[in-house]
Each structure stands twice: as structure tokens, then as C-alpha cells.
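Below is one structure, written out as C-alpha cells; comments come after it.
2 protein chains.
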Amino acid sequence: MDKIVSLCRRRGFVFPSSEIYGGLGSTYDYGHYGVLMKNHIRSAWLREMVQERDDIVAIDSAIILNPAVWEASGHVAGFSDPLIDCRTCKLRFRADRLEDAHCGKKPSKRPGETSECDLTEPRQFNLMFQTQVGAMEDASSSAYLRPETAQGIFINFKNVLQLARRKPPFGIAQVGKSFRNEITPGNFLFRVREFEQMEMEYFVPPDEAEKWYRYWVEKRYAWYTNLGVRESMLRIREHDENERSHYSSGTSDIEYQYPIGWQELEGIANRGDFDLTQHTKASGTKLEFVGQEGERYTPYVIEPAVSIERIFVAMLCDAYDEEVVGERERTVLHLHPQVAPVKAAVLPLVPRDEGMSTRARTLFEELRRRHTVEHDDSGQIGRRYRRQDEIGTPWAFTIDDRTLEDETVTVRDRDSLSQERLPISGVAAWLDDALQREWRSPKK
Amino acid sequence: MDKIVSLCRRRGFVFPSSEIYGGLGSTYDYGHYGVLMKNHIRSAWLREMVQERDDIVAIDSAIILNPAVWEASGHVAGFSDPLIDCRTCKLRFRADRLEDAHCGKKPSKRPGETSECDLTEPRQFNLMFQTQVGAMEDASSSAYLRPETAQGIFINFKNVLQLARRKPPFGIAQVGKSFRNEITPGNFLFRVREFEQMEMEYFVPPDEAEKWYRYWVEKRYAWYTNLGVRESMLRIREHDENERSHYSSGTSDIEYQYPIGWQELEGIANRGDFDLTQHTKASGTKLEFVGQEGERYTPYVIEPAVSIERIFVAMLCDAYDEEVVGERERTVLHLHPQVAPVKAAVLPLVPRDEGMSTRARTLFEELRRRHTVEHDDSGQIGRRYRRQDEIGTPWAFTIDDRTLEDETVTVRDRDSLSQERLPISGVAAWLDDALQREWRSPKK
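Given below as C-alpha cells:
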């Protein structure tokens, strides 16, 4: 993980946030390549989950909702972690993760074991960030930053049912920031206090819930392998009954083998009719489906939920490699072309040569109308290739002496390092095609 | 404005948020078409400001930054509105907007004038939302939701300078949510408490600041007219000295003539070296440019800043029309194809005809791999056209009897209502081209 963090810092994918002010624990800012890569991940998700489907629509609900939403959903009462204080060092820990805690004086041990730590009994700490809305500072103005996007979907169920003329099975998808006041954030982007969720709630007739649950577990797994994540690094782990939320009748995690071990990448849950029933009770608005033949039921919900941050880290880990090429070492990101921040680089071999420089510039202008591409004319060509390898650019188009003779360019492949020649006039179409091709990681 | 709000509600662009719980004053959720349109606006901005430029990179900073950032920027001390209480009705108003206020008992008047209202002296109310980060509830854990994205850019100035190998003039762009605890939100999406900003900070040598300020005012104005906003509805208004922030040596608003009057759509400010100087003082990190020949200066900053919400409303207002077509009325959104939520509809004239239905489905599948398109086979063809007109879909492809004979389809133009025939095999390429063409509003 250290190597990933260091590459992210060095090449401007991700910085510790507020660095000039000493940072703010486990908060990060994304640099240029990080923004581009996140945008590509988000687009790939929206294309698969909304654009290419008949049965799913998008919404974008507010971050600060009416607080009654979080009462009904159970978050006010139950969205908490057990918190323990150390009276010796004055630090706080998650009671269920004491083995990972680092006490100021001594590594903490479990209560009861011999230790210099003097630990309190655990108490519940709510993970929702609270704030005040409006100019009145009283209880009635308290509100929360949403800890998940899902509830913003449930409360709009009826709007979508009516206005988008839908009937189950159908889904509502949302991408947006969520906030959790984690007691022990950490492991780079893996557990952060603000993160970007991509959730889809799929509403189905109750007797089809099990079928759709299985469908979405498979479908979401295939999304990762189609985006080049190696199957050897992925597994599906079904929660046993004790581990599941009380309302869930089935939950599976798609796990990735991060450097810190197998961890949840995405969760798929069969939430039953819990959410719609809770909001029906609390709001007095019936959230149910009434068919044209008078059939009437509260749909069950299947939810695939993931954060862009966990995909971002999994894809970087999966792509990172250090290779010896001839006599030189290179650091390379074998990213799927769809998520690579930059799709191609245009490189004039001898930048001061006017013929090469003009052609490179013209090609660059043509390509960047359609894709994120870079033009680089500084330094030795080998160094320029390595700069692109390090940020995972799949192809480089080099304009050289031969270009001036026959109007062809070299295309260099990041993974195979093969070079072939193309007519300069065909590069744009070639790149469009190449971005549609299947891709597999060359890593073992 | 009422007609726009009603269309937005009816066709699922925008709903009042948390509606089943009685809403939450001036907060809105976006439905499917609203999300699509916002996404297109964001993409158009990013394409113009980042993708097609050599000199601007993107970042994405955290919403909750180290609070020292807001001390240094002046927001903790000065980002406030004057607040006045009415002792009679117990409501609160903005002292500088009393004429717009609606008191519970009686329309308020200015203090001093005869009125039943009993108004307090104005006091300053800070507009930043406050929250607590971490498990300690003391002053040290107080933090703010960012009221603007700009400061997240300034504190990353040095990172970008070093890692992206930049020298002035260069810019850093950011898109993301900002939060302001407005005392009097309102006018639909025009003044809301959470909104999505698109800001770009352009760092220049001090002696070039005036030139670049003029450049960005023009450039941003042209962005709107290129996206089809009518020039008659736009104007540039330069702030006079009293109106400007103390650190600004020039500010211009691009105003749009909203139904509520001429109002700021986008602001372009010459912020001088105020921000970088403040953060240099407060953090001890020198935020300056040092050239290879040893030249050294604190760049000036030109800032074009806008929110997606104001563009969204301006474009809807500019596009909305009620027309009489033949003997029927239609409601139509004359949106620029680049921002229209749906780019094209595919309509089988007789859905139960298998030949038409199969061809429509095949064409639809082909088109939606590249664009947001809809397939609609329910109801009379006239009604289907009007549904698409109402959401601003520029083109409809109709599969009819003739398609079965000669494999051509009708393309209907939303604005001119002209119909022409195309070979079905050429539709995808035709649509790609059409989306690149210049477009002008047919409205007077």
C-alpha cells in the first residue's frame, strides 16, 4: 500500500488534504489524474447501471435531508459504533477493533487483560455528522449529513413510480457524497469520513427477491472483471446470519485482496421491505406498488452499494507493477483503458523540429475533442514513455522522422511495449476502436 | 417561474426534497432528467475548462477541510449576513433584504418606519454550516462544511505547481458541492443551501491580471451563447468600487434575465494576491512562483465562479416555450442539444408490428451505447412527440411502414418540426454529427 500511496502523491492522483495546515486526519484531496480516474469510474458505473438499461433511472437527492428521514431509517437510534476511552492516555477507540488500536502510552489490550491502559466500558457513538440549519439554534434546526445515499432514494420511490411510469422490477440509482464520523478512519482511502457512494435500489415483487439478489451479485462481479480486475484478487463472500443486518435476508460482499487483506469492495444486500415499510409508517405516505389489475404490495429491495474510493484503490492496487524492461526498471499502472486517467499521449520525437511539432499539435487537437489525451514534448522520449506508464496511459503516438516522409506515426502499447505504425489520418478512429476492445491484465 | 417549477415537478426534473416528510425549506432532489441535464452541463464546463485546454488542471478537494483554512481565508470572521429578529412574530430576516421579507403578522418595514413589527438591531450571522469531527466534542473538533470550492484550490496551489510542472498563467478547476446556511433561501433553485459549484482559479503574473480578467469575462460569456442562451437575455455588469469585495480589483457578473429579474448567473473576479498571501501568512508555507531565472512573485488570481443550479434554471427559462402547432398546443424546451437530457427518441409507429418493433429496438440498442436516448412505444405517436418536446429531446427517429420497405426512418426536428428520411444504417453517424453542429434558439 505504501508504494501506491507514494505513487499517488508523486504523480498527483491524491494528496493528504489541507497539507499546508498539517492535514486533517484521513482526509484527502484528489489531483488532476485522480479526478480524471474517478470521473471515468463514475461514468462506467452510470453507463452500465443507467444508460444501457431500460429499467433503472437516476436521481440526485440532497445531502441534508429532513431529519425525520434518519429517525425512520433507524440511523438516529442505531447507526453507531461502540466507543471506548482510555483514562490513561485520553484516546478513544472502537471497542470492536481494540486489537488494531494504538494507545498513546502502550498498545491497548482487551479490557480485563493486563495492561497499563485504563479502559472505560464501551458506549455507543453515533456516526452521523450533525449540524444546524437556518438561523434558529434550537433542537428543531438540528440536521444530519447523510451517511448513505440510499434513504434519498427510498423517500423518492413514489415520485419515480408515478412520474417515470415504472413498475417492479425497476431501479433507482444515485451517485454522491456521504459522510460518516468514523472513530478510526485510516488505511489511505479505504476508510475515510467523506466518500462518494454509488448505490442502486432495485425494487422487485417479494417472491422474486431471491432471484434478483443472485442476479445482482453476479452482475456486479462481472462489472469488475470486465473492467480488468483480476479474478484471482476477487471473491464473493456471503454473510452468515449473525453478521447480517436484522432486516436483511441475504448479503454478499464482493471482496478484493487489498494489501491490508481481503476486504469489502462492494456489498449486495436483499433489504426486504424494511425501508419502504419504515418510511410508510413514519410519513403516513403509502410506499407500495398498485398494479392496473389492483394487485398491491410493498416491493422488496436489492441494493448493490459501493464507494468510488474503494474501487479507485482496488484498481490502482490491481494495476501497479514494477517491471524490468531491457536494462531499465519501470513503474507501470496496467489500468483498463476505460478507467485510465489519460487515454493516449502524443509525443513529437524531436520537439524543436517544426514538421514534427506541427503534426503532433494537430493530432493532439483532433484527439482531445473526444478523449482525455496529453501532449508531452519535454525530455528524452524514454523518460516521456515512463511518465505515461506511471499514470497508466494505454497508448502513446510518436511523431518521428518517418512521419515527415510517409505521414505515419508509431503507436506504442503500454502493456506489451509493442510498436506498430499507423497512418496519422487514421489515429482518431484507431483510438475510438481500441477503447472499445476487450482488455485483460498482463499481470499474473 | 411557476411554469418552470411545474414542468420540473411534472416531468421529474426536480422535486421538493423530503416531500413525504413535509419537505425541508428550499431543498430539492433531482429526478432522472434533472440528473442527466446537470451531468451534461458539468461535462460541457469540464470539456471547455479542462479537457480542451493546455493550461488548466482539475482537482477535487474535501468538503470538510482543516478549519484553519477558513480562519485564513477570512470566512470565520467575515462570511456573514446581517440578521434581524422580529420580537412580535419571532421570525428572522436578512437586514439588507427587509423589503423582501414576509413577517408572520404583517409585512415588515424598515426599522424606524411605522409598523407593528418590533425589530432588533441587526447582528452578524455566519453562513458556514458547523459540525464536529471525531469522537471528541470540544472546540478543537469543530469544523465547517466548505462555503466555496475556491479555498480547496488555493491550499493545493503548491502541489499543482510542483507536481504538474506548471508556471503562470495556469489554472486549477474544481466542481463540487458547497454549503451556505442562507437565512432566506428561495426562488426555486436560485438560492439554495447546498449547491454544486464550478470554479476555476487562474494564476497569472501580476502585471497581466487585468488582461486575463478581461479575457475570462469574454470567454465565459461566449460559453453561454455557444450553448444557445439568447444574447438578449444576457448582460455583463461590472461591479462598482463600493460593491466589490475589499480584495478585488475588478468583478463582473454575467447576468441572466430570470423571471425574477436580472440576476447573477456567473461572477468573474480579479482577486489579486489576497488568497495566496493570506494562506502564506497563516500556514507559513510560501505560496509563490519561483522561475528558473530566479524571478519570484505571488501570482494574481482570476476566478470565474458559477453554480450548476443557476445555469440549470437559466437554461430552462431560456428554453421554455408554449407554442401552437397546427391546431394543438405544445410545451417545448428548446434546449441546446449538448445539454438536453435525452439526445434522441426511437419510436416504432405501430409497436405491435413485429418488424417495426424489432428495428426500433435494434436502433435503440445501437444508439444508447454512445448517447442518452429513449425508446417509447406507448400511446399515439403525437403524444409521444409531445412527451419528448416537453423534456427537450432534439430529435425523434420514427420507424414506420416505409422502414419495412426501404430501411429508412423519419427524423423529426424538435424546433422546426421538419421531417426528413434517413437510411437506418446511417442514423448513428447522423446523430454524432448533429450533436456537433451549431445550434441557435428559435425563440425570439
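Chains as they are written, first to last, in numbering that gives the first Met the number 0: chain C, 0 to 443; chain Y, 0 to 443.
Cβ coordinates follow ideal geometry from the N, Cα and C atoms, glycine included.
- Excluding the 5 residues flanking it on each side, residue 232 of chain C has same chain C-beta neighbours closer than 7 Å at 255, 256 and 317, in chain order.
- Residues of the region 61-77 of chain Y that bring their beta carbon within less than 7 Å of a beta carbon in chain C comprise 61, 62, 63, 64, 65, 67 and 68, in sequence order.
- The three-state reading of DSSP puts residue 252 of chain Y in strand, counting E and B together.
- Only buried fits residue 305 of chain C, as 16 or more other CB atoms lie within 10 angstroms of its CB.
- Fully contained in the region 283-338 of chain Y are the following beta strand (DSSP E) runs of length 3 or more, in chain order: 299-306, 319-324 and 327-332.
- One alpha carbon belongs to residue 60 of chain Y, the other to residue 155 of chain Y, and they sit about 9 Å apart.
- For residue 59 of chain Y, the C-beta contacts it makes with chain C under 8 Å involve 28, 29, 33, 34 and 37, in order along the chain.
- Listed as beta-bridge partners of residue 235 of chain Y by DSSP are Y:253.
- Residue 397 of chain Y is a Cβ neighbour of residue 348 of chain Y, given a cutoff of 7 Å.
- Between the region 181-201 of chain C and the region 21-41 of chain C, the count of C-beta pairs closer than 8 Å reaches three or more; the two stretches touch.
- Proximity to residue 153 of chain Y across Y:15, Y:438, Y:204 and Y:273 peaks at Y:273, based on C-alpha coordinates.
- For the region 166-187 of chain C, the set of residues with a beta-carbon nearer than 7 Å to any beta-carbon of chain Y comprises 176, 180 and 182, in chain order.
- Excluding five sequence positions before and after residue 16 of chain C, the CB atoms of its chain that fall closer than 6 Å to its own CB belong to 23, 26, 27 and 28, given in chain order.
- Scanning chain Y for C-beta atoms nearer than 9 Å to the C-beta of residue 189 of chain C yields nothing, as the closest lies near 16 Å away.
- Ranking Y:182, Y:311 and Y:352 by CA distance to the CA of residue 339 of chain Y puts Y:311 first.
- Unbroken beta strand (DSSP E) runs of no fewer than 3 residues, entirely contained in the region 182-208 of chain C, are found at 193-203, following chain order.
- Of the candidates C:51, C:207 and C:249, C:249 places its Cα closest to the Cα of residue 241 of chain C.
- If you ignore the 5 residues before and after residue 215 of chain Y, its C-beta comes within less than 8 Å of the C-beta of 201, 267, 301 and 303, all in its own chain and listed in chain order.
- If you look at residue 344 of chain Y, you'll find it in the beta strand (DSSP E) that goes 343-347.
- Contact check for residue 54 of chain C and residue 170 of chain C: beta-carbon distance about 6 Å, within the 8 Å limit, so the pair qualifies.
- The contact set of residue 193 of chain C on chain Y, defined by CB atoms closer than 7 Å, consists of 61, 62 and 63 in chain order.
- What residue 371 of chain Y touches in chain C, judged by beta-carbon distance under 8 Å, is 50, going in chain order.
- With a cutoff of 7 Å on beta-carbon distance, residue 19 of chain Y and residue 284 of chain C are scored as near each other.
- Around residue 341 of chain Y, the same chain offers 32, 35, 371, 372, 373, 387, 390, 391 and 392 as residues with beta carbons nearer than 8 Å, after the five sequence neighbours per side are excluded.
- The region 74-83 of chain Y makes contact with the region 117-125 of chain Y; the number of CB pairs closer than 8 Å reaches 3 or more.
- Across the structure, residue 403 of chain Y and residue 432 of chain Y are spaced so that their CA atoms are roughly 25 Å apart.
- Within the region 281-292 of chain C, the residues whose Cβ lies closer than 7 Å to any Cβ of chain Y are, in chain order, 282 and 284.
- Residues of chain C with a Cβ closer than 9 Å to the Cβ of residue 129 of chain Y are, in chain order, 130 and 131.
- Inclusion of residue 329 of chain Y and residue 385 of chain Y in the CB contact set at 7 Å is warranted, their separation being smaller than that value.
- Measuring C-alpha to C-alpha distances from residue 56 of chain Y to each of Y:223, Y:66 and Y:44 identifies Y:44 as the nearest.
- The beta carbon of residue 437 of chain Y sits closer than 6 Å to no other beta carbon from its chain once the five residues preceding and following it are set aside.
- Taking 8 Å as the Cβ-Cβ cut-off, the region 221-245 of chain C has no residue approaching chain Y.
- Within chain Y, the residues 28 have their CB atoms less than 7 Å from the CB of residue 151 of chain C, given in chain order.
- Each of Y:252, Y:295 and Y:441 was checked against the Cα of residue 236 of chain Y, and the nearest Cα belongs to Y:252.
- In this structure, the beta-carbon distance from residue 196 of chain Y to residue 130 of chain Y does not fall below 7 Å.
- When the beta-carbon positions are compared, residue 335 of chain Y and residue 226 of chain Y come within less than 7 Å of each other.
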